[in-house]
Every structure is written in structure tokens, then in C-alpha cells.
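Numbered per this note's numbering, the sequence shown spans residues 2 to 698. Okay, structure first, notes after.
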Amino acid sequence: MTNAKTKSKVALSVSRDIPFNKLVLSQSNVRRIKAGVAIEELAADIARRTLLQSLTVRAVTDEDGNETGMFEVPAGGRRFRALELLVKQKRLNKTAPVPCVIRTEGLAEEDSLAENVQRAPLHPLDQFRAFQSMREKGMGEEEIAAAFFVSVNVVKQRLRLAAVSETLLEAYAEDELTLDQLMAFTVNPDHERQAQVWEAIKDSYSAQPYQIRRMLTEDAVRASDKRALFIGIDAYVEAGGAVMRDLFESDDGGWLENIGLVDMLVTEKLNEEAEAIRAEGWKWIEVGLDFPYGHTYGLRRVFGEQEPLTDEQDASREALQAELDKLEAEYADLPELPDEIDERLGEIETAIEAIDDRPMIYDTDDVSRAGAFLSVSPGGRLHVERGFVRPEDELPVEPEVDETETSGAGETKSNGAQSVDPADEPEEDEGLKPIPDRLVTELTAHRTVALRLALSGSFDTAFHACLHKLVLDTFYSYAQDSCLELSATCVYYGSQAPGLGETPYATALTERHEAFAGALPNDPEQLWDALGDLSDAMRKELFAHCIALTANATVEAYNRRPRAIAHADRLAVTLGLDMTEAGWKPTGDAYLGRVTKTRIAAAVAEAKGDKAASDIESLKKDAMVERAEDLLAGTGWLPEPLRTPAAESGTDHLEVDVAEDGEEQSAANDGETVMDENTGPVDDDEKEQEEELEAAE
2 MTNAKTKSKV ALSVSRDIPF NKLVLSQSNV RRIKAGVAIE ELAADIARRT LLQSLTVRAV
62 TDEDGNETGM FEVPAGGRRF RALELLVKQK RLNKTAPVPC VIRTEGLAEE DSLAENVQRA
122 PLHPLDQFRA FQSMREKGMG EEEIAAAFFV SVNVVKQRLR LAAVSETLLE AYAEDELTLD
182 QLMAFTVNPD HERQAQVWEA IKDSYSAQPY QIRRMLTEDA VRASDKRALF IGIDAYVEAG
242 GAVMRDLFES DDGGWLENIG LVDMLVTEKL NEEAEAIRAE GWKWIEVGLD FPYGHTYGLR
302 RVFGEQEPLT DEQDASREAL QAELDKLEAE YADLPELPDE IDERLGEIET AIEAIDDRPM
362 IYDTDDVSRA GAFLSVSPGG RLHVERGFVR PEDELPVEPE VDETETSGAG ETKSNGAQSV
422 DPADEPEEDE GLKPIPDRLV TELTAHRTVA LRLALSGSFD TAFHACLHKL VLDTFYSYAQ
482 DSCLELSATC VYYGSQAPGL GETPYATALT ERHEAFAGAL PNDPEQLWDA LGDLSDAMRK
542 ELFAHCIALT ANATVEAYNR RPRAIAHADR LAVTLGLDMT EAGWKPTGDA YLGRVTKTRI
602 AAAVAEAKGD KAASDIESLK KDAMVERAED LLAGTGWLPE PLRTPAAESG TDHLEVDVAE
662 DGEEQSAAND GETVMDENTG PVDDDEKEQE EELEAAE
């Protein structure tokens with residue numbers, strides 16, 4: 002006889018098919034809160050592929066403990082409700098056999114709790130791979146979406162995740178990679194590049210999804226870039242270009258991978274447009290993606306006139322305007338326009354704009370001397386600037402001749418005649434001689450002083466004369482049609498301020514300038530009378546514009562101009578200038594990418610607090626710039642040079658800034674800047690930035 006105990010075998014519960022009408026939901030079912038797939042979706046899934054998992058049931062007994070023939074369902078309540086719904090919908094017979102596992106041991110609550118707690122949820126990667134397997138076996142994205150009651154976009158996302166490098170999928174399966182990080186890797190399908198980025202960031206504390214996306218797209222062109230908008234995504238794809246898309250984040254159309262192809266298509270399209278403009282007869286055409294702000298400085302501009310309206314266009318415009326006025330009057334009191342009315346108003350405005358936007362007709366002589374600039378606007382549209390005359394193409398200016406010039410005996414009588422000493426003049430007139438230059442100068446000096454006196458007593462005339470001179474200097478190159486010895490000097494910026502011309506404030510100023518220029522005569526001799534025909538309000542606006550263009554608040558390393566900058570601050574305070582409202586933003590290109598990491602952290606600390614700054618201090622420079630740009634967006638933060646001082650504080654901060662720059666002011670030098678002889682062109686901040694960049698490399 003052996004003492005060894007015989008191990009008992011596990012006995013499974015009996016299972017059998019039970020008619021549905023013999024089943025009832027148990028009150029012992031622990032699930033009380035709705036979760037997971039809706040009952041309707043589960044019912045549809047059962048109808049599609051039948052019941053995949055049995056119900057767990059217990060026999061219902063009477064008071065004496067006898068079985069009644071009914072069975073309660075403590076585990077599988079959602080499946081029971083789904084079957085119940087199918088019966089109500091007449092899609093399942095109420096006596097249909099349902100596979101059930103019959104339990105007799107333990108508690109019903111234990112059955113219910115164990116079924117829900119003991120099962121392990123499907124790992125997301127298993128779902129990704131399952132979708133991929135179904136796709137490989139012939140199921141389309143729409144079929145998969147319909148089978149699992151998800152959107153087609155969800156299926157595309159899962160398939161994109163399953164297509165990531167196997168190395169990354171294994172890392173995700175081992176929890177070395179988060180789902181957010183894995184989603185970021187899907188933006189670029191290149192497995193080799195994915196592996197390179199993973200190796201670079203896997204041991205980094207700052208392996209954030211946004212950093213992964215940036216690294217995977219840093220050699221691509223955003224679809225929102227003006228180059229991509231100009232050529233169009235369809236043209237790029239048709240030319241063989243690939244587009245990277247992010248299915249998990251808003252990507253503004255994605256990224257265009259082939260930068261070389263983008264630039265080639267942009268150049269080709271610009272050249273095609275240039276040929277069309279050249280056919281108009283212009284002497285020269287200059288083409289570029291963009292031009293520096295102030296690129297037309299020193300060039301005279303000629304303007305054309307719009308083609309006259311035809312009788313048909315005139316009648317059509319009047320009818321459209323009448324309909325527009327009528328609709329606006331009828332619905333003026335409504336807080337919101339009906340959709341059909343709003344749509345019709347848009348159609349009318351578009352039609353009116355099409356009529357008003359007629360081609361300009363230029364003088365043929367002007368066209369033969371002038372040229373045009375072709376570039377791409379920030380919005381990706383072709384930007385054409387016609388009618389600019391270079392100095393070398395101007396007609397030669399004929400020397401001024403005095404009106405007293407005669408044709409007698411080869412003698413020219415003018416203010417430029419040779420001066421004759423009064424002692425040498427013959428006492429007897431031998432015909433009308435020119436007035437001596439010395440006397441002309443003396444007489445006109447008297448006239449000048451008298452003219453000054455008269456002008457000083459007439460504000461209106463003085464204002465008109467000043468405006469006339471300012472407009473000549475601002476809009477007419479090399480014009481000499483004013484006797485006023487004042488000048489309007491405008492500072493223009495070329496490569497010193499890249500991107501300046503595309504800012505909202507520069508664009509608005511250019512549009513205002515062009516609007517004024519278009520309203521002025523081409524001939525400067527006609528300007529005096531033309532200004533007199535303008536309304537007082539228009540003349541004031543034109544005066545303010547001309548004066549505004551002379552403002553110079555630029556600080557340069559070799560010319561700090563502290564007193565001028567103090568005045569610029571006074572102007573800014575008076576005008577209430579806010580560079581944030583004007584449209585400046587602390588982007589990487591505008592500021593963050595061009596200062597040290599210390600300054601970036603200081604900016605974030607000032608705008609978002611010390612914790613936000615400390616969170617990004619350990620990042621690499623590029624990642625820190627991108628993160629700081631996101632943090633500073635919408636905060637209104639501005640670097641010191643762009644801030645308008647508070648009115649009550651005056652300009653004290655300027656003295657501090659000047660002192661920090663190592664400058665001194667000398668009373669003997671009338672308060673102008675005196676640079677220390679040891680002051681070099683590179684400051685400590687620039688040195689620190691260079692050191693940080695070297696360390697980053």
C-alpha cells in the first residue's frame with residue numbers, strides 16, 4: 002500500500018445548449034456600470050459572426066430547492082442583453098439554443114466577478130497586427146471598419162501603427178515606448194530613419210512625441226509652407242513627390258519629403274508666370290521666392306489705369322450692388338443671416354470683385370522703361386509688382402533754361418550768364434543785358450526771407466507745401482519740384498531683417514503705401530494741384546504716412562543712438578504701440594533660435610513660470626526652441642527691444658540697457674553715444690551662444 006496521495010483532476014463545469022426563453026438575467030451580476038462596446042454594436046457583432054463565448058448560468062430553484070427549468074445568467078449579462086435585443090428585433094428565435102456553462106459550486110457573484118477580473122485585455126499591438134493580418138488576407142479598410150464598428154480613419158491609424166519598424170513595435174510591446182511616442186514615429190514611413198531617431202532619443206529624458214515628429218520631418222517642407230501652397234500638393238505628387246502625413250495629430254496637410262523637387266517646381270512655375278508678364282512688354286522682370294523688405298527703394302513707380310467698364314459690365318455691377326444693398330437692408334436686424342442669404346451675399350461680393358479687378362492699362366512708354374518683380378506671397382499666391390523704373394532707365398533731364406532766353410545774335414540771356422562787375426558796365430545801354438548773377442542772388446535772398454514770413458503766417462499753405470515736399474521725397478525718386486530745404490529720409494532693410502516684408506505690419510504698411518501711390522499723378526509737376534484737390538482728411542492721412550516712413554527706431558551695434566531711441570519710446574507710448582497686437586510672435590526664426598538657451602529659459606520663466614522653464618532646460622537647443630515656441634504662443638511675451646515702456650516709467654530702462662552695452666554718454670559730445678575703445682562687434686551673449694552651439698554639436 003502506498004502513502005502517496007493521488008492528485009485530484011480538475012473537473013470542468015457541464016456545458017449545454019439552453020433555449021433563450023429559459024434564460025433570465027441574474028441579480029448577482031456584478032456589472033452595474035455601462036462600459037465597453039454598446040449593446041447595439043455587440044448585438045450586430047453576434048448577428049454577423051454568432052456567439053463566440055458561452056454564457057455562465059445557474060439553475061433557478063423554488064423555495065424547496067427544486068429546479069424550475071429556468072436558468073439565471075450571473076456572468077455574460079451583456080451578451081444576454083445583446084441576444085435579447087436580437088429576439089426583440091425578430092432576428093433571433095426566442096427558443097434558439099444558447100451555449101451555456103452550468104455552474105453549481107461557489108457563489109453566483111464569484112462567477113460574475115471572476116469572468117470580468119481574470120481576463121486580460123488585448124494589447125493594442127495585437128489589435129494593430131490583427132488589422133494588418135486581415136488587410137493582408139484581402140479585407141479592405143471599409144470592411145474592417147464595418148466589422149468592428151470603428152471609423153475608417155481608426156483602421157488607417159491602426160494599420161499605420163502596425164507598419165512601423167519592427168524594432169519599434171518590439172520596444173512598444175516591452176513598454177520601452179509609449180503609444181504616443183509610437184504614433185509620432187508613424188509620420189515618416191522610412192524604417193531606417195525611424196531607427197536612427199529611436200537610437201538618438203531612446204535614452205533621453207526628453208523623448209517627447211513632438212520632438213520625434215520634428216526629427217522625422219526636419220528635412221521636409223510643410224504643406225502649409227508658401228512654396229507648397231504655390232505649386233499645389235497635386236502637382237507635387239504628380240511629379241513623383243511623396244507626402245508624409247500624421248494620422249494622429251493635425252498636420253496642416255503633412256510634409257513634402259523632396260525639398261529639391263519642391264524648389265524645382267517653384268522655379269519652373271515662377272519662370273512660366275514671368276514669361277506671361279514679360280509678354281506685356283516690360284523692359285525687365287526680376288523673379289524670386291521673395292525679396293527683402295524695401296527692395297523697391299530708389300525706384301520710381303509708374304501706375305496704369307484700369308480698363309474702362311463695358312456697358313454690360315456697368316449694368317451688371319449696378320444690378321449686383323442694388324441686390325446687395327437690398328439684402329443687407331432686409332436682414333440688417335437679424336442676429337444671424339439665413340444660410341441661403343449668407344451664401345448669396347458671398348456670391349454677389351465675389352462677382353463684384355471680379356468686375357472691379359480689371360487689368361491695368363499702362364502707357365507704352367512707361368512699359369518700355371519699367372519692369373516688374375515676381376515673387377510668392379506668404380499665402381502661396383503669385384505676387385506681381387509692376388511699373389518700377391530704375392535710375393539708369395530714366396529719361397535724361399534737360400537742363401533748366403531761364404524764360405528770358407532769346408535767340409538774338411547767339412547771346413543767351415539767363416541767370417547762368419557770366420557775372421559782370423558794375424564798374425565794368427558801360428553807362429549807355431546797348432540793348433537789354435542779363436541781370437548779373439550777384440544781383441540775382443541778392444534779390445532772391447530778399448524774396449526768400451519775405452516768402453518765409455508770408456509762409457509762416459499761413460498754416461494751410463505751409464502744411465500744403467510741407468506735404469508736397471514729403472510726397473515728392475516719398476513717392477517720386479529724384480524729383481526737384483519743391484523749394485523747401487527739408488527731406489524725408491526712409492531707412493530700408495535688406496538682408497538685415499529677413500522675413501520682415503512678410504509680417505502683418507510690413508504688409509499693411511506696403512498696402513497703404515501702394516494705395517496712396519495709385520492715387521497720385523505720375524508727373525510730379527501735377528502733384529501740387531493734385532494735393533489741393535484732396536480732402537482735408539485724405540491730406541492728413543497722406544502726411545501721417547510720409548512722416549511715418551521717416552521713423553527709425555533701429556538699434557545697430559555701431560550706432561546705438563540712445564537719444565533717438567528714447568524718442569522712439571515716447572512715440573510708442575503716445576501711440577500705444579503693442580508689438581503683440583501688431584503681429585510679432587516669439588518664433589524660432591524671429592527670436593528663440595537666435596539667442597542662447599539661457600535667454601530662452603528666461604523668456605519662458607517670465608511668461609509661464611520657473612517650473613516651465615526648468616522643464617525645458619535639459620533639452621537640446623532645437624527641441625528647446627520648439628517647445629519654448631509652443632509655451633510662449635498666446636502669452637504676449639516680448640523681448641526687451643520690442644517692449645513699449647509704461648508711460649509713468651519714462652525711459653529709465655534705456656539708460657540701464659545702454660550701460661549694460663558698455664556705452665557712455667558725454668556732455669561734451671552733446672549726449673551722443675561714445676563707444677569704449679575696447680567694445681567689439683561681438684557681445685557676451687553672442688559668445689555664449691556660440692559656445693552653446695559648439696557644445697550642442
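Just so you know, even glycine gets a beta-carbon here, dropped at the ideal spot from N, CA and C.
If you draw a straight line from the C-alpha of residue i to the C-alpha of residue j, how long is it?
i, j, result
"T311", "R359", "11 Å"
"V198", "A185", "11 Å"
"I342", "E354", "18 Å"
"K621", "R370", "53 Å"
"R595", "E219", "18 Å"
"F21", "D176", "44 Å"
"P642", "G299", "29 Å"
"E386", "L535", "26 Å"
"L532", "P505", "29 Å"
"G107", "E73", "15 Å"
"A45", "V151", "13 Å"
"N67", "D127", "47 Å"
"V605", "T636", "10 Å"
"L452", "F460", "13 Å"
"W283", "D367", "9 Å"
"A545", "F374", "28 Å"
"T555", "A330", "49 Å"
"T69", "L183", "56 Å"
"K609", "L632", "7 Å"
"L433", "L440", "16 Å"
"A172", "A603", "36 Å"
"S29", "A39", "21 Å"
"A711", "L93", "There is simply no residue 711 to check, as the chain begins at 2 and stops at 698 in what is shown."
For residue i, I'd like the list of residues in its chain whose CB is within less than 7 Å of its CB, leaving aside the five on either flank, ordered along the chain.
i, result
"F590", "According to the sequence as given, residue 590 is Asp; it is not Phe. G500, listed in sequence order."
"H192", "S166"
"A668", "For A668, the predicted structure reports a pLDDT of 34, less than 50, and the residue's modelled location is therefore unreliable. A value from the coordinates is still provided. Cβ neighbours of A668 beyond the five flanking positions: none."
"F132", "I145, V156, R159, L160 and A163"
With DSSP collapsed to three states, give me the class of residue i.
i, result
"P98", "strand"
"Q551", "Note that residue 551 is Thr in the sequence shown, not Gln. The answer is coil: DSSP assigns T551 none of H, G, I, E or B."
"D18", "strand"
"G78", "helix"
"G70", "strand"
"T605", "The sequence shown places Val at residue 605, rather than the Thr named in the question. Helix."
"P423", "Per-residue confidence for P423 stands at a pLDDT of 48, beneath the threshold of 50, marking its modelled position as unreliable; no derived number is given."
"V441", "helix"
"V188", "coil"
"V492", "coil"
"R92", "coil"
"V596", "coil"
Can you find the residues in the same chain that come closer than 8 Å, C-beta to C-beta, to residue i, ignoring five residues on each side of it along the sequence?
i, result
"V267", "R228, F231, I232, L290 and V377"
"A489", "K470, L471, D474, T475, C547, I548, L550 and T551"
"L56", "L24, V74, A76, G77, R80, F81, V99, P100, C101 and V102"
"R215", "D623, A624 and E627"
"R136", "E142, I145 and L160"
Who are residue i's beta bridge partners in DSSP?
i, result
"Q307", "M361"
"M700", "Because the chain in this structure spans residues 2 to 698, residue 700 falls outside the shown range and cannot be described."
"N560", "E557"
"L56", "C101"
"G372", "W285 and F389"
"R301", "V390"
"L24", "F72"
"V153", "Answer is none; V153 lacks a bridge partner."
"T62", "E68"
"L383", "V377"
By Cβ distance below 6 Å, which residues in the same chain neighbour residue i in space, the five residues on each side in sequence not counted?
i, result
"R17", "none"
"P190", "none"
"L13", "none"
Kindly give me the distance between the Cβ atoms of residue i and residue j, rounded to whole angstroms, as I take these residues to be in contact under 8 Å.
i, j, result
"I47", "L84", "7 Å"
"G372", "I286", "6 Å"
"V288", "L271", "5 Å"
"D247", "V188", "5 Å"
"P379", "E503", "5 Å"
Consider the C-beta atom of residue i and the heavy atoms of the ligand ATP; say whether any pair is separated by less than 7 Å.
i, result
"L346", "Summarising the ligand content, the structure contains no ligands, and the ligand ATP is consequently not present."
Indicate whether at least one CB of chain D lies closer than 8 Å to the CB of residue i.
i, result
"F231", "Here chain D cannot be found, since the structure has a single protein chain."
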